[in-house]
Amino acid sequence: MSPELVAVAVERLAGIRAVTPSTATARTLTDAGLRVDPVALTDLGAASAPAVVLLDDELARAGEHAEGLLAQAAQVLVRGGLVVAGARGTVHAAVTGRGRDPGRTFTAVELSRALGHHGFAVELLCAPGAGRALAGTAAAYEPDTDRQPGLLDAAPHVVAAGRRYPDDAARSAAFFSSLPRKVVAAATLCHDAQGRLLCVHDSFKRHWTIPGGVVDADEDPRTGAERETWEEAGLRVRGGDLLGVFAASWPDRLILIYAATALDDTTQRLIPRHSHEIDDVAWLPHDEALARLAPHKADQVRRCLDTPGGTWRQGPVG
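The numbers in our numbering rise by one with no breaks, and the one at position 94 of the sequence shown is 221.
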């Protein structure tokens, strides 16, 4: 671990007992005078740790499961607990990588958004060593300089410190405030050769639905629907015709539903890529799917199939 990352950890964790999944991180930070124990997050009970440290490129190695790792951190932290997470910087990796695979990378905005989505109030966002590096001098953490917005993507790592919200209401309010003012979500209606509908079970909302989610910044909705289907159902699809547009409130959003064709073998066992959000995937006969889907989602499916290409307004649950 670089001295700059150690300096950030010392600044944020002084006097706090912390855990980390990295033995090397625990040893380095203990040598720096902190109290950090090495332990796998999966071995900890809920709300049992005052602080979690993820500074050994855990997010880079986790790849598409990085959000799941942050969700685990939120689960083991006490309310008001602190996470200190470092990620390899996208811009720095692109400029200096020279063909090396850096693993998953993040911009400062992406890391901040990821923490916000998983229930953290971001207290610190910095690029340790960026100021010195740009000045051509030996790298060192300069708190005031390395927190400047213009430098947040100018170092090998971007670091965020986030505090778990004290209650669910505050977490929900922060989550929605982190989303775009006009949220766009996209989903797919995908049938197999037997006419069965691809459905997923959302472990957070506790109901069956169709694959879909919020469209990322600078991403077109059809591509977003394809990506969400891969992440939630473990199935690669090609998006087709737009079957329905649904306007809903709180948050103010549009839901776009596309027809989709499976590109993978539909007889294979489907495994969600984002298992922290989806805990079951199934091809369901049409009538059974409509019976299992959440009522507002079943209504969307019926409208899309009965009147393809329509636009409707639904209530807050849509």
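Beta carbons: idealized from backbone N, C-alpha and C, even for Gly.
Counting only residues of its own chain and dropping the five nearest sequence neighbours on each side, residue 346 has a CB closer than 8 Å to the CB of 354. Residue 335 is bridged by DSSP to 328 and 420. Taking the CA atoms as reference points, residue 419 sits about 6 Å from residue 335. Residues of the same chain with a CB within less than 8 Å of the CB of residue 200, apart from the 5 flanking positions on each side, are 168, 179, 181, 210, 212 and 245 in chain order.
In this structure, the straight-line span from the alpha carbon of residue 136 to that of residue 160 is close to 11 Å. Listed in chain order, the alpha helix (DSSP H) elements of length 4 or more contained wholly in the segment 372–440 are 413–419 and 422–433. Residue 192 sits in a helix when the DSSP states are folded into three classes.
Residue 147: member of the beta strand (DSSP E) spanning 144–147, first to last residue. As computed with DSSP, residue 284 is found in a beta bridge with 215.
Comparing C-alpha distances from residue 250 to each of 139, 365 and 384 shows the shortest one belongs to 139. Beta-bridge annotation (DSSP): residue 178 is paired with 209. Going by DSSP, residue 162 is part of the beta strand (DSSP E) stretching over 162–165. Taking a contact to require three or more Cβ pairs closer than 8 Å, the segment 147–164 and the segment 303–322 do not qualify as touching. Note: residue 310 is bridge-paired with 380 in the DSSP secondary-structure output. Rounded to whole angstroms, residue 173 and residue 433 show a C-alpha spacing of 45 Å.
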